[in-house]
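Converting from the sequence shown to this note's numbering requires adding 13 to each position, the first position being numbered 1. Here a beta-carbon is modelled for each residue, glycine too, at the ideal position from N, C-alpha and C. In this text, all values refer to a predicted model and were calculated from it rather than measured experimentally. Heads up, the thing below is written out as structure tokens.
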Amino acid sequence: MSRSWMVAAALALAGAAPRLAAQTAAALPLAALSTVVPASYVVGPNDVLAMTVYGDPELDDAQMRVDSDGTIHTPYGKTPVHVAGLTMAAIRRAIAAELVRDQLAVAPKVEVRVVDPESHPVMITGQGVRQPGTIQAVQPIRLLDALTLAGGLTNNNSAIITIFRRGPRGTIHQQKLWASQMLDSLGGAHNPWLVGGEEVRVLPGGNVYLSGAITKPGAYPLSSTDPLTVRKALAQAQGLAKAAEAKKTQLIHHVGAANQTTVVINLNNILDGKAADIPLAADDMIYVPWSTGKKVGYAALQSAVAAVTIAGGDLLIR
């Protein structure tokens with residue numbers, strides 16, 4: 014696969030061509046977008062093959078599904094033909110030998126093709142991808158290209174991608190990475206090859222929430238390439254409102270969870286460089302009370318926390 018195509022795919026995911034990627038994926042089902050089967054394809058159970066025997070049309074078969082034991086049965090043939098793990102060239106030779114062995118042909122010229130590949134599924138799931146579904150890795154495919162076939166990501170930089178692979182003894186191996194890592198490593202370890210049998214789960218990345226006397230309160234996504242801190246978060250939110258009581262700012266960790274904790278910080282000292290900046294993690298919340306001449310107190314904080322709703326694993330600010 015050329016690097017130019019990989020760069021184009023990266024741009025589509027990064028937002029330079031999101032409509033093109035979405036339209037391409039929407040035009041056909043996911044399975045149809047990846048079923049141009051190369052000659053190097055290795056057949057497996059559930060694949061459907063078509064066979065043509067030149068000069069003997071009665072031996073043709075347009076629908077031969079590979080059984081769970083890796084075999085197919087040809088028309089009138091007595092001997093199952095083991096095809097799992099073989100390429101088209103090897104399968105042609107195996108079928109020709111079976112036809113001769115069963116005395117159905119003398120020197121058959123056999124052609125075989127895959128009409129419905131089903132043995133190399135890659136499941137793409139999660140709320141972080143636009144069109145979840147299953148594609149067939151008819152040849153090894155990069156993670157980025159697989160996600161492009163699924164319409165791209167809903168949150169380009171902060172999405173968290175987990176790849177699940179089954180080991181030889183049934184053990185499940187996980188590889189977790191940020192979408193930003195994948196986009197920065199088009200041909201490296203953060204953009205791995207998929208060969209079939211994997212599940213790719215894409216979840217929207219963690220957010221930090223700013224509430225209260227903030228110019229632009231809301232949810233701000235985390236990024237692996239640019240860690241978010243209190244000062245950076247306030248800069249993204251365009252600073253404090255004029256009536257902010259910054260000395261009584263509440264930094265809430267794990268907001269909405271059972272292990273929620275709250276720390277009072279003097280935001281003025283951090284913004285002025287008199288106190289160390291504080292790194293933020295997923296589901297942290299900065300609540301800046303309003304200076305109204307009245308005691309803000311616990312009720313106002315509870316109101317801010319109540320404005321955060323957990324829905325489908327995501328934190329949303331109403």
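Worksheet item: Quick one, are the C-beta atoms of Ile-291 and Thr-228 less than 8 Å apart?
Response: On the sequence shown, position 278 is the one that residue 291 refers to. On the sequence shown, position 215 is the one that residue 228 refers to. No, they are not a contact pair.
Item to complete: Under 6 Å Cβ to Cβ from Val-123, same chain only, skipping five residues before and after it: list those, please.
Response: Walking along the sequence shown from the start, residue 123 turns up at place 110. Contacts found: Val-66, Arg-105, Ile-108, Ala-109.
Worksheet item: Using a C-beta cutoff of 8 Å, does Tyr-54 count as contacting chain C?
Response: Structure shown: chain C not included; a single protein chain is present.
Item to complete: Assess, as a yes-or-no matter, whether the stretch 51 to 59 is touched by the stretch 112 to 120 under the definition of 3 or more beta carbon pairs within less than 8 Å.
Response: Because the criterion of three Cβ pairs below 8 Å is not met, the stretch 112 to 120 and the stretch 51 to 59 do not touch.
Worksheet item: What did DSSP end up calling Gln-263 once you bin it into helix, strand or coil?
Response: Here residue 263 corresponds to residue number 250 of the sequence shown, with the count starting at 1. Here DSSP, grouped into helix, strand and coil, assigns Gln-263 to strand.
Worksheet item: Is Ile-104 helix, strand or coil by DSSP?
Response: To locate residue 104, count along the sequence shown from 1; it is residue 91. Looking at Ile-104 - three-state DSSP - the assignment turns out to be helix.
Fill in: Ala-192 (DSSP reduced to helix, strand or coil)
Residue numbering aside, residue 192 sits at position 179 when the sequence shown is read from its first letter. If DSSP states are grouped into helix, strand and coil, Ala-192 belongs with the helices.
Worksheet item: Comparing alpha-carbon positions, which option in Ala-226, Pro-51, Ile-173, Pro-130 lies nearest Gln-76?
Response: Position 63 of the sequence shown holds residue 76. Ranked by Cα distance from Gln-76, the options Ala-226, Pro-51, Ile-173, Pro-130 are led by Pro-130.
Worksheet item: Going by beta carbon distance, what residues of the same chain come within less than 6 Å of Leu-280, once the five residues before and after it are set aside?
Response: Looking up residue 280 in the sequence shown gives position 267. Cβ-Cβ distances below 6 Å link Leu-280 to Ala-259, Thr-262 in the same chain, with the five nearest sequence neighbours on each side left out; the list follows chain order.
Worksheet item: Rounded C-beta distance between Val-49 and Val-151? I'm assuming under 8 Å.
Response: Residue mapping note: residue 49 aligns to position 36 of the sequence shown, counting from 1. Residue mapping note: residue 151 aligns to position 138 of the sequence shown, counting from 1. With 8 Å as the limit, Val-49 and Val-151 qualify as a contact, their Cβ atoms being about 7 Å apart.
Worksheet item: Rounded to a whole number of angstroms, what is the C-alpha to C-alpha distance between Gln-273 and Ile-299?
Response: The residue you call residue 273 lines up with position 260 of the sequence shown. The residue you call residue 299 lines up with position 286 of the sequence shown. Gln-273 and Ile-299 have their alpha carbons spaced roughly 13 Å apart.
Fill in: Alpha-carbon spacing of Gly-90 relative to Gly-98, whole angstroms
Counting from 1 along the sequence shown, the entry for residue 90 is found at position 77. Counting from 1 along the sequence shown, the entry for residue 98 is found at position 85. Between the C-alpha atoms of Gly-90 and Gly-98 there is a straight-line separation of about 21 Å.
Discussion item. Taking 8 Å as the cut-off, does the stretch 230 to 239 touch the stretch 165 to 185 (at least 3 CB pairs, one atom from each stretch)?
Written reply: In short, these stretches touch, since the Cβ pair count reaches three.
Discussion item. For Thr-92 and Val-213, I'd like the C-alpha separation in whole angstroms.
Written reply: Locating residue 92 in the sequence shown gives position 79, counting from the first residue. Locating residue 213 in the sequence shown gives position 200, counting from the first residue. Distance between the alpha carbons of Thr-92 and Val-213 is about 39 Å.
Worksheet item: My guess is that Leu-216 and Gly-165 are in contact by the Cβ rule of under 8 Å, so how many angstroms apart are they, rounded?
Response: On the sequence shown, residue 216 is found 203 positions in, with the first residue counted as 1. On the sequence shown, residue 165 is found 152 positions in, with the first residue counted as 1. The beta-carbon distance between Leu-216 and Gly-165, rounded to whole angstroms, is 15 Å. This is too long to meet the 8 Å contact definition.
Worksheet item: Since Tyr-300 sits in a beta bridge, which residues does DSSP pair it with?
Response: Here the question's residue 300 lines up with position 287 in the sequence shown. Secondary-structure assignment with DSSP links Tyr-300 through a beta bridge to Ser-224, Gln-263.
Discussion item. Among Asp-296, Ile-278, Ala-289, whose alpha-carbon lies nearest the alpha-carbon of Ala-271?
Written reply: Sequence index remark: in the sequence shown, residue 271 carries index 258 (1-based). The alpha carbon of Ala-271 has as its nearest neighbour, out of Asp-296, Ile-278, Ala-289, the alpha carbon of Asp-296.
Worksheet item: When you compare only the Cα positions, how much space is there between Asp-69 and Gly-210?
Response: As a working mapping, residue 69 is identified with position 56 in the sequence shown. As a working mapping, residue 210 is identified with position 197 in the sequence shown. The alpha-carbon atoms of Asp-69 and Gly-210 are separated by roughly 37 Å.
Worksheet item: How is the alpha helix (DSSP H) around Arg-244 delimited, first residue to last?
Response: Position 231 of the sequence shown, counting from 1, holds the residue named residue 244. Run containing Arg-244: 243 to 249, per the alpha helix (DSSP H) assignment.
Worksheet item: In this structure, does DSSP put Ala-97 in helix, strand or coil?
Response: Locating residue 97 in the sequence shown gives position 84, where the first residue counts as 1. Residue state, collapsed to three classes: coil.
Fill in: Any non-hydrogen atom of the ligand GTP closer than 7 Å to Gln-140 Cβ
With respect to small molecules bound, the structure shown includes none, and the ligand GTP cannot be examined in it.
Item to complete: Pick helix, strand or coil for Val-49, following the three-state DSSP scheme.
Response: As a first step, residue 49 must be located in the sequence shown, where it is residue number 36. Here Val-49 carries a coil assignment [DSSP, helix/strand/coil].
Worksheet item: Rounded to a whole number of angstroms, what is the C-alpha to C-alpha distance between Asn-204 and Arg-182?
Response: Residue mapping note: residue 204 aligns to position 191 of the sequence shown, counting from 1. Residue mapping note: residue 182 aligns to position 169 of the sequence shown, counting from 1. In this structure, the CA atom of Asn-204 is about 25 Å from the CA atom of Arg-182.
Worksheet entry | Leu-72 - containing alpha helix (DSSP H), residue span | Numbered from its first residue, the sequence shown carries residue 72 at position 59. For Leu-72, there is no enclosing alpha helix (DSSP H), as DSSP marks it with neither H nor E.
Discussion item. Here's the rule: buried if 16 or more other CB atoms are within 10 angstroms of the residue's CB, otherwise exposed. What is Trp-191?
Written reply: Along the sequence shown, read from residue 1 onward, the residue named residue 191 stands at position 178. Buried, because 16 or more other Cβ atoms sit within 10 Å of the Cβ of Trp-191.
Worksheet item: Who pairs with Ile-173 in a beta bridge, going by DSSP?
Response: For the purposes of this step, residue 173 is taken as residue 160 along the sequence shown, with counting starting at 1. As DSSP reads the structure, Ile-173 sits in a beta bridge with Trp-191, Leu-216.
Worksheet entry | Spatial neighbours of Ala-202 in its chain, beta-carbon cut-off 6 Å, leaving aside the 5 residues before and after | Within the sequence shown, numbered from 1, the residue matching residue 202 stands at position 189. Excluding the 5 residues flanking it on each side, Ala-202 has no same chain C-beta neighbour closer than 6 Å.
Fill in: Rounded straight-line distance, which links the Cα of Lys-245 to that of Lys-287
Counting from 1 along the sequence shown, the entry for residue 287 is found at position 274. Counting from 1 along the sequence shown, the entry for residue 245 is found at position 232. Those two C-alpha atoms are separated by around 16 Å.
Practice prompt. Over the uninterrupted alpha helix (DSSP H) stretch that includes Ala-294, give me the two end residues.
Written response: The residue given as residue 294 occupies position 281 in the sequence shown. Ala-294: not part of any alpha helix (DSSP H); DSSP gives it neither H nor E.
Worksheet item: Quick one: what's got a C-beta closer than 6 Å to Gly-252's C-beta in the same chain, skipping five residues either side?
Response: To locate residue 252, count along the sequence shown from 1; it is residue 239. Around Gly-252, the same chain offers Thr-228 as residues with beta carbons nearer than 6 Å, after the five sequence neighbours per side are excluded.
Discussion item. For Gly-225, count the other beta carbons within 10 Å of its own beta carbon; 16 or more makes it buried, fewer makes it exposed. Which is it?
Written reply: Numbered from 1 along the sequence shown, position 212 holds the residue referred to as residue 225. Result: buried.
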